[in-house]
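Report on the following structure.
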Amino acid sequence: LGAALMAPAAEAAPPRNLARVSYPDHKLANLRDLKVDQPIDIVYPDSGSPGVLLKFGHAVEGGVGPDRDIVAFSTLCPHKGFPLAYGDGDRSLNCRHHYSRFDAEKGGQQIWGHATQNLPQFRLRVDAQGDIHAEGVDELIYGRVNNVLQG
7 LGAALMAPAA EAAPPRNLAR VSYPDHKLAN LRDLKVDQPI DIVYPDSGSP GVLLKFGHAV
67 EGGVGPDRDI VAFSTLCPHK GFPLAYGDGD RSLNCRHHYS RFDAEKGGQQ IWGHATQNLP
127 QFRLRVDAQG DIHAEGVDEL IYGRVNNVLQ G
């Protein structure tokens, strides 16, 4: 009798739908193009989304490449969308408007400031020719309800 009472409740549960986003695969650079602590300006997943590609010379969180030292981030501050600047002294991305700071060696973790989320990091892969491709984003880019624009 107990199992019969529980069965209708299980059937009434709505199906679980997961949101999925298809990100474009976009070549950003080649391994030969990168130098330690010399950021390269990029855009991903579209031309309205500025970012930065970084090489550190030692393994970092989310790093790709032979030394696991290459990462990329959005350069729109998640607080108000102001542009971020790379600080090579402490390898952080910094907002000059409201002083939020993000640790580029630790997956874009917030260090200080008004932002309420970490910095969106771009998922990267390196192909056999050494080309570095972006293929996704791990957080919501500032000002968007969806990271991939339609139309």
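Per our numbering: the sequence shown = residues 7 to 157.
For glycine and all other residues, C-beta sits at the position ideal for the given N, C-alpha and C.
Helix, strand or coil at residue i according to DSSP, with G and I counted as helix
| i | result |
| --- | --- |
| LEU155 | coil |
| ALA78 | strand |
| ALA140 | strand |
| ASP160 | Because the chain spans 7 through 157 in this model, residue 160 falls outside it and cannot be assessed. |
| ARG129 | strand |
| LEU146 | coil |
| ASP31 | coil |
| ASP94 | coil |
Close Cβ partners of residue i (< 6 angstroms) along its chain, the five nearest in sequence each way excluded
| i | result |
| --- | --- |
| PRO148 | It should be noted that the sequence gives Tyr, not Pro, for residue 148. So the list reads LEU82, PRO84, GLY87, once near-sequence residues are dropped. |
| HIS32 | TYR50, ALA140 |
Burial state of residue i (16 or more Cβ within 10 Å)
| i | result |
| --- | --- |
| PRO30 | exposed |
| ALA78 | buried |
| VAL42 | exposed |
| GLY93 | exposed |
| VAL151 | exposed |
Cβ separation of residue i and residue j, assumed to be a contact under 8 angstroms, to the nearest whole Å
| i | j | result |
| --- | --- | --- |
| LEU40 | ILE46 | 7 angstroms |
Sequence-distant residues of the same chain with beta carbon closer than 7 angstroms to residue i, five excluded per side
| i | result |
| --- | --- |
| ALA110 | LEU60, VAL77, PHE79, ARG97, SER98, LEU99 |
| ALA65 | ASP73, ARG74, ASP75 |
| GLY71 | LEU37, VAL132 |
Proximal residues to residue i (C-beta, below 8 angstroms), its chain only, five neighbours per side dropped
| i | result |
| --- | --- |
| VAL154 | VAL27, SER28, TYR29, PRO30, PRO51, ASP52 |
Proximity to residue i [Cα-Cα], best of the options
| i | options | result |
| --- | --- | --- |
| GLN123 | TYR105, LEU146, GLU67, ASP137 | LEU146 |
| PRO126 | LEU90, ALA134, HIS104, GLY136 | LEU90 |
| TYR105 | LYS112, ASP137, HIS120, VAL143 | HIS120 |
Chain D contact for residue i (CB, 7 angstroms cutoff)
| i | result |
| --- | --- |
| GLN115 | Protein chains in the displayed structure number just one, and chain D is not present. |
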